[in-house]
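**Q** Numbering (this note's numbering), first residue to last: 1 to 140.
Ideal placement from N, C-alpha and C gives every residue a C-beta, glycine not left out.
Since the model is a prediction, treat every value here as computed from it, not as a measurement.
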Amino acid sequence: MTVHLGRRYTFCASHRLHSPALSEAENKALYGKCNNPFGHGHNYEVEVTVRGQVDPVTGRAVDLAALDSLVETQILAPFRFRNLNEEVPAFRSEVPTTENLASEVLRRLQSAWTAEFGAVARLEKVRIWETDRNICEIDI
1 MTVHLGRRYT
11 FCASHRLHSP
21 ALSEAENKAL
31 YGKCNNPFGH
41 GHNYEVEVTV
51 RGQVDPVTGR
61 AVDLAALDSL
71 VETQILAPFR
81 FRNLNEEVPA
91 FRSEVPTTEN
101 LASEVLRRLQ
111 SAWTAEFGAV
121 ARLEKVRIWE
131 TDRNICEIDI
């Protein structure tokens with residue numbers, strides 16, 4: 001039996017939405033209060049969805065401790081309590097929007113996925129809540 005299993009994680013981080021390709025006026029018009037030069041913070045939620053076969057012996061599709069460890073090392077530890085613009089290299093040249101953050105989370109998970117899970121479980125989806133109203137989802 002194939003199942004889709006989602007697991008949620010949280011981390012706090014700050015960022016400023018500002019593109020160096022735009023003028024100050026364009027950035028303010030586009031990003032509004034999110035362009036504050038001092039930044040602002042969010043309590044992000046990340047959901048990782050895995051697809052796999054249920055093992056008849058364990059009754060599980062994925063080792064949750066291994067998934068938690070992978071997410072901790074690849075996502076939570078590098079992002080938690082960080083200024084994304086200043087402390088996460090990917091966002092020194094990219095605007096840390098929810099869409100770009102989701103893409104970076106996906107890239108980091110995919111880079112380590114096969115070494116951890118092989119073909120036993122497949123990374124299916126990443127979903128990020130920046131706020132209750134701002135959610136980005138990437139299906140793989």
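So, does the region 115-125 touch the region 21-39, judging by three or more C-beta pairs under 8 angstroms?
**A** Taking 8 angstroms as the limit for Cβ pairs, the verdict is that the region 21-39 does not touch the region 115-125.
**Q** Below 7 angstroms CB to CB, which residues in the same chain sit around Q74 once its five sequence neighbours on both sides are set aside?
**A** Here residue 74 corresponds to residue number 74 of the sequence shown, with the count starting at 1. Result list for Q74: R108, L109 and A112, in chain order.
**Q** Taking the alpha helix (DSSP H) that R107 falls in, what are its first and last residues?
**A** Position 107 of the sequence shown, counted from the start, is the residue given in the question as residue 107. Its alpha helix (DSSP H) spans residues T98 to F117.
**Q** Taking C-alpha atoms, which residue in R122, E45, V126 and T98 lies nearest to C12?
**A** Here residue 12 refers to the residue found at position 12 when the sequence shown is read from its first residue. For the residues R122, E45, V126 and T98, the minimum Cα distance to C12 belongs to E45.
**Q** So, are the CB atoms of V3 and V54 less than 7 angstroms apart?
**A** Position 3 of the sequence shown, counted from the start, is the residue given in the question as residue 3. Position 54 of the sequence shown, counted from the start, is the residue given in the question as residue 54. Cβ atoms of V3 and V54: closer than 7 angstroms.
**Q** According to DSSP, is I75 helix, strand or coil?
**A** For the purposes of this step, residue 75 is taken as residue 75 along the sequence shown, with counting starting at 1. Looking at I75 - three-state DSSP - the assignment turns out to be helix.
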